[in-house]
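**Q** Residue numbers (our numbering): 50 to 524.
In this text, a Cβ means the ideal position worked out from N, Cα and C, and glycines have one as well.
Please read these numbers as outputs of a predicted model, since none were measured by experiment.
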Ligand code: GLN
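1) Starting from residue 490, trace the beta strand (DSSP E) in both directions and tell me its first and last residue.
2) Do the CB positions of residue 363 and residue 392 come within less than 8 Å of each other?
3) For residue 68, which residues from the same chain have a beta carbon less than 7 Å from its beta carbon, with the 5 sequence-adjacent residues on both sides left out?
4) Would you identify the three-state DSSP class for residue 339, choosing helix, strand or coil?
5) Residue ranges of each alpha helix (DSSP H) run of no fewer than 4 residues wholly in the region 196-236, ordered along the chain?
6) With residue 495 as the anchor, note down where its beta strand (DSSP E) starts and where it stops.
7) Please determine whether the Cβ atom of residue 179 lies at a distance below 7 Å from any heavy atom of the ligand GLN.
8) Should residue 359 be counted as a contact of the ligand GLN given a C-beta to heavy atom distance under 7 Å?
9) On the premise that residue 142 lies in contact with residue 175, defined as a C-beta separation below 8 Å, what is that separation, rounded to the nearest angstrom?
10) What ranges does the beta strand (DSSP E) occupy inside the region 411-489, keeping only unbroken runs of at least 3 residues that lie completely in it?
11) Thinking C-beta only, is residue 81 closer than 8 Å to residue 336?
12) Do you know offhand how far residue 199's Cα is from residue 50's?
13) Measuring only the C-alpha atoms, how far is residue 396 from residue 496?
14) So, at 8 Å on beta carbons, what are the nonlocal neighbours of residue 380 in its own chain, with the 5 sequence-adjacent residues on each side left out?
15) By Cβ distance, which residues of its chain are closer than 6 Å to residue 279, with the 5 residues on each side in sequence left out?
16) Beta-carbon within less than 7 Å of residue 260's beta-carbon, same chain only, minus the 5 sequence neighbours each way: which residues are those?
17) Can you name, in chain order, every residue of its own chain whose Cβ lies under 8 Å from the Cβ of residue 152, other than the five neighbours on each side?
18) With distances taken Cα to Cα, identify the nearest neighbour of residue 455 among 448, 445, 383 and 466.
19) Between 258, 220, 191 and 91, which lies nearest to residue 127 when the distance is taken from Cα to Cα?
20) Relative to the C-alpha of residue 203, which candidate in 239, 367 and 213 has its C-alpha closest?
21) Can you name the residues that DSSP bridges to residue 128?
22) Can you tell me which of the three DSSP states residue 242 falls into?
23) Is the region 436-448 touching the region 420-428 in the sense that three or more CB pairs, one from each, lie closer than 8 Å?
24) Do the region 115-124 and the region 226-233 meet, that is, are 3 or more Cβ pairs less than 8 Å apart?
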């Protein structure tokens, strides 16, 4: 096995025993990037010199028997909407073309203090708005399983980088599915924690009431290792939570009650994907879980609700990109013209669409009809889940209605693109933890199984996912 194919767990054991060095591991990833990324384009920036320097420092710590954590010396890639000190951070937007972040996001500080080797910044849909990584100002990322297909989005660069073994693990962000969707399309593990479980400080805001950072890894075990490192209360993010994990150890699929929402298996779900998901549910049954049919009656409104709330928050958050404070700046005869030109030239079509929609639906005269109604629907979506979780421990279903679609297939039709978010967004509206775990393939294209749990059940989901993974591997 090539070193870059190792998981965090495997690599950290080999580093500890002295069998490999972080420099060898890092070089193996850099070589793979050199070899594959011309075609895949997962990275916007490869931090070659910095990575080699961090790897050397890590090796020194291992030599002294003083590794800082299980992540010490492990090459990790970061979605390019997380600020990293003195490093170009673009969010996939032309408006941040030459923006160099003046500080580290909390997740980056945590990775650095744990000794991680940050190997590069990955491509994404502009400001994380999209489901295919086609909305980046810096070109599309391709799916490593089929280069004519999208990797999913918006964390498509991170997913492709992990799937193609160009790094050992990565971070992504999920506002409506952006960790889970690309994880499903690329055949990796993607975990979206409970809203607030990981600090958003230094994450470029898309929709602040939904955004959440999480791990994208080769296994569920790795997702847990990375999550345990980045989670926790942060005084710089007032929505961050301090919560204790634990209690998950004694959980076993044997006494689990699993809910299957009827609504997730209705029209629109590809019949082959459905078979893979049903087979995965069958595995849980064989492991001893009790399968219960449940209803999420308001799930059908979640998509419309999300696409009202998100643009309103986007319109507000994007106000800061005026061509003066950060990055790209266009010419103009006066200040107003400068603003207009910078935003017209600096922002892409999807971002503009959301700014216009969000400004409209939150303006006086329309706010009651749209935004305020959507907030009420959001409460109902949340209530559905609360009711379901009074009967079951976990919900299972598909992450995506299909396998990865072709590049260009949906990019001219925003509504078609939005529809691919159908199973992922209600989780964000309710602030729940959820995960995509590889469940099988159809014609060589991966399918992800969706695990959804009640708020703060993060450790439980991660443990159950590991059990499933072990079960799949041993069957
Ligand atoms: N595809 C969804 C959207 O475009 C989700 C994006 C995300 O989670 N960042 O809004």
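**A** The structure says:
1) Position 441 of the chain shown, counting from 1, holds the residue named residue 490. Segment 483-491, the beta strand (DSSP E) holding residue 490.
2) Counting from one through the chain shown, the residue named residue 363 turns up at place 314. Counting from one through the chain shown, the residue named residue 392 turns up at place 343. The criterion of a C-beta distance shorter than 8 Å is not satisfied by residue 363 and residue 392.
3) By one-based count along the chain shown, residue 68 stands at place 19. Beyond the five residues adjoining it in sequence on each side, residue 68 comes within less than 7 Å, by CB distance, of no other residue in the same chain.
4) Translated into positions along the chain shown, residue 339 becomes position 290. Taken through DSSP and simplified to helix, strand or coil, residue 339 comes out as strand.
5) The qualifying runs are 205-212 and 229-235.
6) Here residue 495 is taken as the residue at index 446 of the chain shown, counted from 1. Taken as a continuous stretch (DSSP letters only), the beta strand (DSSP E) holding residue 495 covers 494-501.
7) Against the chain shown, residue 179 aligns to sequence position 130. Indeed, a heavy atom of the ligand GLN lies less than 7 Å from the Cβ.
8) On the chain shown, residue 359 is found 310 positions in, with the first residue counted as 1. Indeed, a heavy atom of the ligand GLN lies less than 7 Å from the Cβ.
9) For the purposes of this step, residue 175 is taken as the residue at position 126 of the chain shown. For the purposes of this step, residue 142 is taken as the residue at position 93 of the chain shown. Contact between residue 175 and residue 142 holds, since their C-beta atoms are separated by about 5 Å, short of 8 Å.
10) At a cut-off of 3 residues, the continuous stretches assigned as beta strand (DSSP E) that sit fully inside the region 411-489 are 443-447.
11) Indexing the chain shown from 1 puts residue 336 at position 287. Indexing the chain shown from 1 puts residue 81 at position 32. In this structure, residue 81 does not lie closer than 8 Å to residue 336 by Cβ.
12) Your numbering for residue 199 matches position 150 in the chain shown. Your numbering for residue 50 matches position 1 in the chain shown. Between residue 199 and residue 50, the C-alpha separation is close to 27 Å.
13) Looking up residue 396 in the chain shown gives position 347. Looking up residue 496 in the chain shown gives position 447. Cα to Cα, the separation comes out at about 33 Å.
14) Numbered from 1 along the chain shown, position 331 holds the residue referred to as residue 380. Around residue 380, the same chain offers 387 and 390 as residues with beta carbons nearer than 8 Å, after the five sequence neighbours per side are excluded.
15) Locating residue 279 in the chain shown gives position 230, counting from the first residue. Excluding residues up to 5 positions away in sequence, 156, 159 and 247 lie with their Cβ nearer than 6 Å to the Cβ of residue 279 in the same chain.
16) Translated into the one-based positions of the chain shown, residue 260 becomes position 211. Only 222, 224, 249, 252 and 254 meet the Cβ criterion.
17) Taking the chain shown and counting its residues from 1, the one referred to as residue 152 is at position 103. Within its own chain, the residues whose Cβ lies closer than 8 Å to the Cβ of residue 152, once the five positions on either side in sequence are excluded, are 132, 134 and 251, listed in chain order.
18) As a working note, residue 455 is residue 406 in the chain shown. Relative to the Cα of residue 455, the nearest Cα in the group 448, 445, 383 and 466 belongs to 466.
19) Here the question's residue 127 lines up with position 78 in the chain shown. Measuring from the Cα of residue 127, the nearest candidate turns out to be 220.
20) Taking the chain shown and counting its residues from 1, the one referred to as residue 203 is at position 154. Out of 239, 367 and 213, the CA that lies nearest to the CA of residue 203 is found in 239.
21) For this step, residue 128 is matched to residue 79 along the chain shown. Among the bridge pairs identified by DSSP, residue 128 is matched with 171.
22) Residue 242 sits at position 193 when you count from the first residue of the chain shown. Residue 242: coil per DSSP, three-state reduction.
23) Verdict: no, contact absent.
24) By the Cβ test, the region 115-124 is not in contact with the region 226-233, since fewer than three Cβ pairs between them sit closer than 8 Å.
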